[in-house]
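Residue numbers (our numbering): 852 to 1021.
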Amino acid sequence: MAKNHGRQIEHDVAITAAPSQVLAAFFDPEALAVWWRTVRAVTTPRPLGIYAVEWRSSPFADDVFGMLGGVFYGTVMEFRDGRQFFVADAYWLPPEDDPVGPMGLEVTCQVAGPGTRLHVRQGGPLDNARWGRYYDLLSTGWADSLGALKHYLEQGADPLLPPRGVAPPA
């Protein structure tokens, strides 16, 4: 279920997987490529780690942002394995338009029955027409992506957190 609170979007989904697997799927580049359709990801699951993901440019243009895709990046300020992480000073860089941000991304996991209740909240300080369009795209995008994440994990995927202090393969 999605809620729009003016300057933030929230989504909740129940996933039949361990909380540690759910959270790892946000940091494992191979997992991100499957459920979030990223083409590149550099994610560091620790305070002051980088969180950067990139998508291919869309084959169509949005009326406000032009082509969609681009890069989302920020700084991991908090990481608690199997429980939550928070990315601050995050920006979305669309391929053809000015950056959108700053904003925050908060992801929390709680044990719920045989699985996990995943909660995603993302938002920023501005509330104008451009941000309104961003939130429209964001709400639909998160709904689709979290559905893909649920399917990915419930089909038996086992994402892994990148080891601390080890650079991802080039």
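The beta-carbon is built from N, C-alpha and C at its ideal position, and this holds for glycine as well.
message: Quick check on TRP943: does DSSP put it in helix, strand or coil?
response: Reduced to three states, the DSSP call for TRP943 is strand.
- prompt: What are the uninterrupted segments assigned as beta strand (DSSP E) that are 3 or more residues long and contained completely in the region 885-912, given in chain order?
  reply: 891-894 and 900-906
- prompt: When the Cα atoms are used, what is the spatial distance from ASP879 to PRO950?
  reply: 25 Å
task: Report the three-state DSSP secondary structure of ALA980 (helix, strand or coil).
output: Helix at ALA980.
- request: Establish whether the CB of GLU861 and some CB of chain D are separated by less than 9 Å.
  value: The displayed structure is made up of one protein chain only, and chain D is not part of it.
Nearest to ARG907 (by Cα), restricted to the options ARG897, GLY900, ALA892 and PRO898: ALA892
- prompt: Considering only the beta carbon of each residue, do LEU977 and VAL873 sit closer than 9 Å?
  reply: Taking C-beta atoms as the reference points, LEU977 and VAL873 fail to come closer than 9 Å.
message: If contact is defined by three or more beta carbon pairs under 8 Å, each pair taking one atom from either stretch, is the region 915-935 in contact with the region 897-905?
response: yes
Environment of GLN973 [buried if 16+ CB atoms lie within 10 Å]: buried
message: Could you pull the DSSP bridge partners for LEU956 from this structure?
response: Paired residues: VAL938 and GLN973.
- prompt: How many whole angstroms separate the CB atoms of ALA869 and PRO1010, which I take to be in contact at a CB cut-off of 8 Å?
  reply: Incorrect: roughly 11 Å between the Cβ atoms, too far for contact.
task: Determine the direct distance from the alpha carbon of TYR1003 to that of GLY966, and round the result to whole angstroms.
output: 14 Å
query: Is it the case that the Cβ atoms of PHE930 and PRO898 are separated by a distance below 9 Å?
result: Against a cut-off of 9 Å, the Cβ pair of PRO898 and PHE930 comes out as a contact.
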